[in-house]
Amino acid sequence: MCLAAAGCLLLSGCDLVAISVGDAGTTFHYPWWVPMAIVGTGLIVVALGFVVRNIAGWKTWVIVLMGLAFTVVFAPMMARDRVFVNNQELEFPRPGFMAGKQEIEFDTVASVRIASEWTKDRYPRAIEILYFDGKYGRAVRFPLNNDINLAAAKTILAGVRKNGVPIHRR
-15 MCLAAAGCLL
-5 LSGCDLVAIS
5 VGDAGTTFHY
15 PWWVPMAIVG
25 TGLIVVALGF
35 VVRNIAGWKT
45 WVIVLMGLAF
55 TVVFAPMMAR
65 DRVFVNNQEL
75 EFPRPGFMAG
85 KQEIEFDTVA
95 SVRIASEWTK
105 DRYPRAIEIL
115 YFDGKYGRAV
125 RFPLNNDINL
135 AAAKTILAGV
145 RKNGVPIHRR
């Protein structure tokens, strides 16, 4: 029963984005229970793999590895996925597992381009990308590919507009 409930939570997706507004700015992130639900599901899958090890044979290790992947890879990625925005800057995680933060100060941005791209997944889909073209030649890519980035997009564009940065659609 518990495994079915956890599976439904993961398969249905989570549109819920927690928004924390403070004096310093606004933070967009998943609620605390989303990574915890993924850890719980991963541990349940690992336990299930060990329970059925005599029945499933070598497939047990596939089940155990999937559970470990949920626990060790996906949960930390969801926990660190947050976007901080105020009127002066944008801060978000760099792509990759535990790769640090990327900061964009709006006064160093010459223009913002909004473009559409197709993902290179197994099932391609179109996503919007914000390109922050720097005054000093550097461009930073901010994909609107998840609930957090989509929720933060309006606040980001409002902060950019307040700094007088032109926004173009490509």
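With my numbering, letter number 156 in the sequence shown gets 140, and the count goes up by one each step, no holes. Each residue gets a CB set at the ideal place from its N, CA and C atoms; glycine is no exception.
- With a cutoff of 9 Å on beta-carbon distance, Gly9 and Phe68 are scored as near each other.
- Annotation: the stretch 11 to 94 contains the following complete segments of the alpha helix (DSSP H) (minimum length 4 residues), in chain order: 17 to 35, 37 to 40, 43 to 53 and 59 to 64.
- Its chain contains Trp102 as the residues whose beta carbon lies nearer than 7 Å to that of Pro108, once the 5 sequence neighbours on both sides are disregarded; these appear in chain order.
- When only Cα atoms are considered, Arg154 and Val5 end up about 31 Å apart.
- In the three-state reduction of the DSSP assignment, Gly121 falls in the coil class, being assigned neither a helical nor a strand state.
- Asn71 is a Cβ neighbour of Lys146, given a cutoff of 9 Å.
- Nearest C-alpha to His152 among Asn129, Ser95 and Leu128: Ser95.
- Following the DSSP letters along the chain, one finds Arg153 inside the beta strand (DSSP E) bounded by residues Ile151 to Arg153.
- Separation of the CB atoms of Ile22 and Ala59 is rounded to 4 Å, and the pair is thereby assigned contact status at 8 Å.
- When Cβ pairs closer than 8 Å are counted between the two stretches, the stretch 85 to 99 is seen to touch the stretch 111 to 124, the count reaching three or more.
- DSSP, reduced to helix, strand and coil, places Arg97 within a strand of the structure shown.
- Residue pairing for Tyr115: DSSP places it in a beta bridge opposite Arg97 and Arg125.
- Between Val29 and Ile47 the beta-carbon gap is near 6 Å, inside 8 Å, which marks them as a contact.
- Of Lys104, Asp65, Asp91 and Val93, the smallest CA-CA separation from Lys85 is found for Asp65.
- Residue pairing for Ile3: DSSP places it in a beta bridge opposite Phe12.
- Per the coordinates, the alpha-carbon of Met62 lies some 22 Å from the alpha-carbon of Glu73.
- Sequence-distant partners of Gly33 (beyond 5 residues in either direction) whose C-beta falls short of 7 Å from its own C-beta, in its chain, are Thr44, Ile47, Val48 and Gly51.
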